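> Quick mapping for you: the protein sequence lines, in order, are chains A and B. First residue of the first sequence? That's 14 in the working numbering, and the numbers climb one at a time after it. First residue of the second sequence? That's 2 in the working numbering, and the numbers climb one at a time after it. Cβ atoms here follow ideal geometry from the backbone N, Cα and C, with glycine treated the same way. Only a predicted model underlies this, so the values are computations on that prediction, with no experimental measurement involved. Attaching a single structure in structure tokens format; questions to follow.
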Amino acid sequence: MQTSIDEVKAKHESRLMRISGVVSVGIGQDAERKAVIVIGVESDDIRIKSALPEELDGYPVKIQVMGKIRAH
Amino acid sequence: MNNTIEHARSLLPQRVNELLGRANVVATGVGYKMVGGQRTETASIICSVEKKLPASSLSAKDLIPREVDGIPTDVIETGPIRALQAPTGRFRPAPGGVSIGHKDITAGTLGCWVHRNGQWMILSNNHVLANSNDAAIGDAILQPGPYDGGRDPDDQLAVLEDFVPIELIGAGSGSDCKIAGAVASLLNSMAAMLGSSSRLQAIRVQAAENLVDAAIARPLREEDVKPEILHIGAIQGTVPGVLGMAIKKSGRTTGYTEDEIQQVDVTVNVQYGTGRFARFKDQLMAGAMSQGGDSGSAVLDEQNRLTGLLFAGSEQSTIINRIENVFDALDLTL
Numbered sequence: 014m015q016t017s018i019d020e021v022k023a024k025h026e027s028r029l030m031r032i033s034g035v036v037s038v039g040i041g042q043d044a045e046r047k048a049v050i051v052i053g054v055e056s057d058d059i060r061i062k063s064a065l066p067e068e069l070d071g072y073p074v075k076i077q078v079m080g081k082i083r084a085h
Numbered sequence: 002m003n004n005t006i007e008h009a010r011s012l013l014p015q016r017v018n019e020l021l022g023r024a025n026v027v028a029t030g031v032g033y034k035m036v037g038g039q040r041t042e043t044a045s046i047i048c049s050v051e052k053k054l055p056a057s058s059l060s061a062k063d064l065i066p067r068e069v070d071g072i073p074t075d076v077i078e079t080g081p082i083r084a085l086q087a088p089t090g091r092f093r094p095a096p097g098g099v100s101i102g103h104k105d106i107t108a109g110t111l112g113c114w115v116h117r118n119g120q121w122m123i124l125s126n127n128h129v130l131a132n133s134n135d136a137a138i139g140d141a142i143l144q145p146g147p148y149d150g151g152r153d154p155d156d157q158l159a160v161l162e163d164f165v166p167i168e169l170i171g172a173g174s175g176s177d178c179k180i181a182g183a184v185a186s187l188l189n190s191m192a193a194m195l196g197s198s199s200r201l202q203a204i205r206v207q208a209a210e211n212l213v214d215a216a217i218a219r220p221l222r223e224e225d226v227k228p229e230i231l232h233i234g235a236i237q238g239t240v241p242g243v244l245g246m247a248i249k250k251s252g253r254t255t256g257y258t259e260d261e262i263q264q265v266d267v268t269v270n271v272q273y274g275t276g277r278f279a280r281f282k283d284q285l286m287a288g289a290m291s292q293g294g295d296s297g298s299a300v301l302d303e304q305n306r307l308t309g310l311l312f313a314g315s316e317q318s319t320i321i322n323r324i325e326n327v328f329d330a331l332d333l334t335l
């Protein structure tokens with residue numbers, strides 16, 4: 014049985030959150046409403062993006078610029 | 002040229018008092034007459050009424066004439082029209098969606114009214130009602146919040162009843178990675194000088210994972226409770242948030258906004274002031290539907306079912322606690 018996207022996300026999450034510039038990891042959707050792993054980054058910086066994977070254990074990764082997330 | 006909009010506009014001012022004097026009429030204006038839900042090309046004088054009533058139940062003097070000086074009339078039902086009060090104002094009784102805050106903060110949003118042990122409670126964030134862990138139970142909660150002119154004791158609405166502490170990381174938070182590291186290395190260098198074989202491990206401070214930024218406050222007076230949310234109305238149950246769900250909120254700063262849940266299962270680092278942050282897991286994420294001061298807003302689906310508690314965001318995002326986690330942590334019900 015294939016590993017679920019939740020399990021894959023859970024497995025890689027703490028490593029991803031330790032990368033400088035990464036602010037969030039979650040489950041989102043692509044344009045076709047298919048589940049993807051979304052990595053939120055603080056800024057549109059090529060150095061952060063180049064340190065991130067394009068897929069994780071077969072699941073697509075979407076990188077999204079979030080800015081600084083603050084308590085509102 | 003009698004039937005033009007311009008003609009109706011020039012005529013209306015002479016007849017407006019007479020029309021507004023009729024029972025039930027709340028507004029008059031000029032527009033195209035609607036027939037069977039379709040706009041026609043006929044200019045008309047539109048009378049807005051609180052409620053459409055059968056002609057038989059109205060006295061002759063309250064009936065709206067079919068036409069006024071040759072211009073046809075149209076009657077539409079708008080309900081009562083009220084001035085929209087800014088959410089930063091003082092509200093008694095106080096609904097959800099308005100400004101609130103602990104006496105030592107700026108201002109956030111009163112999310113909604115909930116129950117604990119049969120008692121009405123205000124639900125909002127820890128950083129709104131409990132000053133990010135720095136408050137004492139029983140502290141004054143002001144409506145509006147201090148930034149919006151709320152003063153203690155004149156504007157006190159409630160007292161802090163309970164909050165879920167937030168595990169903060171960074172300067173002045175008590176579990177500082179840098180300080181822990183520095184202490185360990187100092188102790189290690191002392192151990193080295195003493196020739197000890199058992200060197201101390203640097204204390205590895207893990208980012209503790211929070212689920213909610215939540216607190217409740219107990220109202221001083223039962224008559225100040227208004228169990229509905231500004232621009233939304235009464236809550237109709239709760240529902241777990243799922244990907245793609247249409248959501249809405251009513252908040253102190255940006256008022257009523259809508260969006261959809263774009264991510265679930267979100268783990269996120271959130272800044273609390275300068276140099277402090279907290280890690281949250283199992284969060285919902287939406288797009289830019291909030292700004293500073295909207296913290297504490299209740300998040301609902303299209304059927305007015307409560308799904309989350311808004312607490313953070315950026316230019317591009319809004320972060321929301323799951324309401325299941327909030328209710329579990331503070332033992333709440335609707």
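(1) What does DSSP give as the partner residue(s) for E261(B) in the beta ladder?
(2) Would K62(B) be called buried (16 or more neighbouring beta carbons within 10 Å of its own) or exposed?
(3) What did DSSP end up calling G282(B) once you bin it into helix, strand or coil?
(4) Can you find the residues in the same chain that come closer than 6 Å, C-beta to C-beta, to E229(B), ignoring five residues on each side of it along the sequence?
(5) In the structure shown, what three-state DSSP assignment does V129(B) receive?
(6) So with Cβ pairs under 7 Å, would you call M286(B) a contact of chain A?
(7) How is V240(B) classed by DSSP in three states: helix, strand or coil?
(8) Could you work out which residue in V31(B), N25(B) and G112(B) is closest to G80(B) when comparing CA atoms only?
(9) Please state if the CB of T308(B) and the CB of I324(B) are separated by a distance shorter than 7 Å.
(10) Is there at least one Cβ from chain A nearer than 7 Å to Y273(B)'s Cβ?
(11) Looking only at DSSP bridge pairs, what is M122(B) linked to?
(12) List, in chain order, every chain B residue whose beta-carbon is nearer than 8 Å to that of Q42(A).
(13) Who are the Cβ neighbours of A9(B) in its own chain at under 8 Å, not counting the five residues just before and after it?
(14) On a Cα-Cα basis, can you pick out the residue from Q304(B), D332(B), N305(B) and A299(B) that is closest to N322(B)?
(15) Taking the alpha-carbon positions, what's the D302(B) to T319(B) distance?
(16) Taking the beta strand (DSSP E) that R219(B) belongs to, which residues open and close that run?
(17) Is I61(A) close to chain B, meaning its C-beta is less than 7 Å from at least one C-beta of that chain?
(18) Can you give the beta carbon distance from G297(B) to G112(B), rounded, assuming they're within the 8 Å contact cut?
(19) Put R46(A) into one of helix, strand or coil per three-state DSSP.
(20) Just the Cα atoms here: how many angstroms apart are A48(A) and I40(A)?
(21) What residue range does the alpha helix (DSSP H) around P14(B) cover?
(22) Under the three-state reduction of DSSP, which class applies to S318(B): helix, strand or coil?
(23) With a CB to CB cut of under 8 Å and the five nearest residues on each side skipped, what residues in its chain are close to L20(B)?
(24) With a cut-off of 7 Å, does the C-beta of G175(B) fall near any C-beta of chain A?
(25) Over what stretch of residues does the beta strand (DSSP E) that includes R232(B) continue unbroken?
(26) Between the Cα of V50(B) and the Cα atoms of N127(B), T74(B), D329(B) and G38(B), which residue gives the shortest distance?
(27) Is there a Cβ from chain B that is less than 7 Å from the Cβ of E26(A)?
(28) Express the C-alpha separation of S291(B) and M246(B) in angstroms, rounding to a whole number.
(29) In whole angstroms, what is the alpha-carbon distance linking G314(B) and R277(B)?
(30) For G196(B), collect the residues of the same chain with a Cβ closer than 6 Å to its Cβ; drop the 5 residues on either side in sequence, then sort them by chain order.
(31) For Q292(B), which residues in chain A fall below 7 Å Cβ to Cβ?
(32) Taking all protein chains shown into account, do 16 or more other C-beta atoms lie within 10 angstroms of the C-beta of I248(B), making it buried, or fewer, making it exposed?
(33) Can you tell me whether DSSP reads A61(B) as helix, strand or coil?
(34) By how many angstroms is the C-alpha of M286(B) removed from the C-alpha of H116(B)?
(35) In the DSSP assignment, the alpha helix (DSSP H) including H25(A) goes from what residue to what residue?
(36) Would you say D266(B) lies against chain A (beta-carbon separation less than 7 Å)?
So, to answer that:
(1) Here residue 261(B) is taken as the residue at index 260 of the second sequence, counted from 1. The beta-bridge partner set that DSSP reports for E261(B) consists of A247(B).
(2) Taking the first residue of the second sequence as position 1, residue 62(B) is located at position 61. Exposed.
(3) Residue numbering aside, residue 282(B) sits at position 281 when the second sequence is read from its first letter. Going by the sequence as given, residue 282(B) is Lys instead of Gly. In this structure, K282(B) counts as strand in the three-state DSSP scheme.
(4) Sequence index remark: in the second sequence, residue 229(B) carries index 228 (1-based). Residues of the same chain with a CB within less than 6 Å of the CB of E229(B), apart from the 5 flanking positions on each side, are P96 and A235 in chain order.
(5) Locating residue 129(B) in the second sequence gives position 128, where the first residue counts as 1. In this structure, DSSP gives V129(B) a helical state, which the three-state scheme calls helix.
(6) Numbered from 1 along the second sequence, position 285 holds the residue referred to as residue 286(B). Using a Cβ-Cβ cut-off of 7 Å, M286(B) counts as an interface residue toward chain A, since at least one Cβ of chain A sits closer than that to its own.
(7) As a position in the second sequence, residue 240(B) is number 239, starting the count at 1. When DSSP states are grouped into helix, strand and coil, V240(B) belongs to the coil group.
(8) The residue given as residue 80(B) occupies position 79 in the second sequence. Here the closest residue by C-alpha is N25(B).
(9) On the second sequence, residue 324(B) is found 323 positions in, with the first residue counted as 1. On the second sequence, residue 308(B) is found 307 positions in, with the first residue counted as 1. Yes, Cβ-Cβ distance for I324(B) and T308(B) is below 7 Å.
(10) Here residue 273(B) refers to the residue found at position 272 of the second sequence. Closer than 7 Å: yes.
(11) Against the second sequence, residue 122(B) aligns to sequence position 121. Paired residue(s): V115(B).
(12) Translated into positions along the first sequence, residue 42(A) becomes position 29. L244, G245 and Q263, listed in chain order.
(13) Translated into positions along the second sequence, residue 9(B) becomes position 8. V31, A44, S45, I46 and I72.
(14) Position 321 of the second sequence, counted from the start, is the residue given in the question as residue 322(B). Nearest option by C-alpha distance: A299(B).
(15) Here residue 302(B) refers to the residue found at position 301 of the second sequence. Here residue 319(B) refers to the residue found at position 318 of the second sequence. Each residue's alpha carbon lies about 15 Å from the other.
(16) To locate residue 219(B), count along the second sequence from 1; it is residue 218. Unbroken beta strand (DSSP E) run through R219(B): A216 to P220.
(17) Here residue 61(A) corresponds to residue number 48 of the first sequence, with the count starting at 1. Among the CB atoms of chain B, none fall inside 7 Å of the CB of I61(A).
(18) What you label residue 297(B) is simply residue 296 of the second sequence in a count that begins at 1. What you label residue 112(B) is simply residue 111 of the second sequence in a count that begins at 1. Approximately 5 Å separates the beta-carbon atoms of G297(B) and G112(B); this is inside 8 Å, confirming the contact.
(19) The residue labelled residue 46(A) in the question sits at position 33 within the first sequence. If DSSP states are grouped into helix, strand and coil, R46(A) belongs with coil.
(20) The sequence position of residue 48(A) within the first sequence is 35, counting from 1. The sequence position of residue 40(A) within the first sequence is 27, counting from 1. Distance between the alpha carbons of A48(A) and I40(A): 7 Å.
(21) For the purposes of this step, residue 14(B) is taken as the residue at position 13 of the second sequence. Residues I6 to L21.
(22) The residue given as residue 318(B) occupies position 317 in the second sequence. Note: S318(B) maps to coil in three-state DSSP.
(23) Here the question's residue 20(B) lines up with position 19 in the second sequence. For L20(B), where only same-chain residues beyond five positions count, the Cβ hits under 8 Å are V26, T29, I46, C48, I65 and V69.
(24) Within the second sequence, the letter at position 174 stands for residue 175(B). Unreliable positioning characterises G175(B) in this predicted model, as indicated by a pLDDT of 47, which lies under 50. A coordinate reading is not provided.
(25) Reading the second sequence from its first residue, position 231 is the one you call residue 232(B). Residue identity differs from the one stated: residue 232(B) is His in this sequence, not Arg. Neither: H232(B) is in no beta strand (DSSP E) and is coded neither H nor E.
(26) Translated into positions along the second sequence, residue 50(B) becomes position 49. The candidate whose alpha carbon is nearest that of V50(B) is T74(B).
(27) Here residue 26(A) refers to the residue found at position 13 of the first sequence. So, interface residue.
(28) Counted from its first residue, the second sequence places residue 246(B) at position 245. Counted from its first residue, the second sequence places residue 291(B) at position 290. C-alpha of M246(B) to C-alpha of S291(B): approximately 17 Å in a straight line.
(29) Working through the second sequence from its first residue, we reach residue 314(B) at position 313. Working through the second sequence from its first residue, we reach residue 277(B) at position 276. Their Cα atoms are separated by approximately 15 Å.
(30) By 1-based counting over the second sequence, the position of residue 196(B) is 195. Low confidence applies here, because G196(B) scores a pLDDT of 47, under 50, leaving its location unreliable and the question unanswered by this model.
(31) Here residue 292(B) corresponds to residue number 291 of the second sequence, with the count starting at 1. Going along chain A in sequence order, the residues near Q292(B) (Cβ under 7 Å) are H85.
(32) Numbered from its first residue, the second sequence carries residue 248(B) at position 247. Burial call: buried.
(33) For this step, residue 61(B) is matched to residue 60 along the second sequence. Looking at A61(B) - three-state DSSP - the assignment turns out to be helix.
(34) Translated into positions along the second sequence, residue 116(B) becomes position 115. Translated into positions along the second sequence, residue 286(B) becomes position 285. Each residue's alpha carbon lies about 26 Å from the other.
(35) Locating residue 25(A) in the first sequence gives position 12, counting from the first residue. First-last of the alpha helix (DSSP H) with H25(A): I18 to M30.
(36) In the second sequence, counting from the first residue as 1, residue 266(B) sits at position 265. At least one chain A Cβ lies under 7 Å of D266(B).
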